[in-house]
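Step one of this worksheet: look at the structure below.
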Amino acid sequence: MMLPPRLLVVDDEAAILFAMADYLSRNGYEVDRASSREQAGRLLAAGSYALIVIDLRLGPHEPWGGLDLLRGLRGRQAETPAILLTAYGSAEVEAELGGLGAVRLLSKPLPLAQIAREVAELLAACHPESGRDVPILEMPDRY
Numbered sequence: 719m720m721l722p723p724r725l726l727v728v729d730d731e732a733a734i735l736f737a738m739a740d741y742l743s744r745n746g747y748e749v750d751r752a753s754s755r756e757q758a759g760r761l762l763a764a765g766s767y768a769l770i771v772i773d774l775r776l777g778p779h780e781p782w783g784g785l786d787l788l789r790g791l792r793g794r795q796a797e798t799p800a801i802l803l804t805a806y807g808s809a810e811v812e813a814e815l816g817g818l819g820a821v822r823l824l825s826k827p828l829p830l831a832q833i834a835r836e837v838a839e840l841l842a843a844c845h846p847e848s849g850r851d852v853p854i855l856e857m858p859d860r861y
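Put into structure tokens, the structure is as follows:
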């Protein structure tokens with residue numbers, strides 16, 4: 719029996735963090751969550767993840783906190799794929815992602831089903847040996 723892929727979701731907005739983690743859990747993933755760069759750093763230091771989903775802006779004082787977290791991750795777990803979510807995309811952000819490996823930049827707002835599809839696609843591309851085909855559950859409008 720294959721264990722479900724372990725994901726880390728990082729977002730400073732509690733409602734978004736809860737909804738995304740809950741939705742991904744319902745789609746068959748083991749999900750840890752963090753609401754700050756520091757909390758995510760502790761989780762990353764304690765273990766590894768198949769994929770991480772990070773919000774670019776982690777609070778008003780960290781407009782690029784997610785990108786900083788991703789840079790730090792590359793120093794420890796260089797092969798971990800990531801999805802960076804942002805409502806503040808720019809050419810500058812895209813340029814910064816250039817040397818950070820398997821990263822997808824997605825613009826918010828985005829339906830949770832689309833995020834789950836992106837997670838499944840990126841996992842399949844980066845971990846083809848897993849042979850895991852995760853169905854995407856369609857959830858009620860409250861998500």
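Residue numbers (the numbering used here): 719 to 861. Glycine included, each C-beta is placed from N, C-alpha and C at the ideal position. All of these numbers come straight from a predicted model, not from anything done at the bench.
Neighbourhood of residue i by C-beta distance below 6 Å, restricted to the same chain and skipping five residues each side
{"i": "ALA820", "result": "PRO799 and CYS844"}
{"i": "GLN832", "result": "none"}
{"i": "GLY777", "result": "ASP730"}
Contact check, residue i vs residue j, beta carbons under 8 Å
{"i": "PRO723", "j": "LEU761", "result": "no"}
{"i": "SER754", "j": "ASP730", "result": "yes"}
{"i": "LEU787", "j": "ALA813", "result": "no"}
{"i": "THR804", "j": "LEU823", "result": "yes"}
{"i": "ILE772", "j": "GLY790", "result": "no"}
{"i": "LEU725", "j": "TYR741", "result": "no"}
{"i": "LEU818", "j": "ARG794", "result": "no"}
Cβ neighbour criterion (16 or more within 10 Å) applied to residue i
{"i": "ARG860", "result": "In this prediction, ARG860 has a pLDDT of 48, which is less than 50 and means its spatial position is unreliable; what the coordinates show is noted afterwards. When all chains shown are included, ARG860 counts as exposed."}
{"i": "ARG751", "result": "buried"}
{"i": "ALA834", "result": "buried"}
{"i": "LEU828", "result": "exposed"}
{"i": "LEU802", "result": "buried"}
{"i": "LEU721", "result": "exposed"}
Same chain, Cβ closer than 7 Å to residue i, five either side skipped, listed in chain order
{"i": "ALA739", "result": "VAL727, VAL749 and ARG751"}
{"i": "LYS826", "result": "LEU803, THR804 and ALA805"}
Own chain, CB closer than 8 Å to residue i, minus 5 neighbours either side, in chain order
{"i": "PRO781", "result": "LEU774, ARG775 and TYR806"}
{"i": "ALA906", "result": "Beyond the ends of the chain as shown, which are 719 and 861, falls residue 906; an answer cannot be given."}
Which ranges does the beta strand (DSSP E) cover as unbroken runs of at least 3 residues, wholly within the segment 783 to 818, from first to last along the chain? 800 to 804
Which ranges would you report for the alpha helix (DSSP H) in the segment 738 to 781 if only whole runs of at least 4 residues count? 755 to 764
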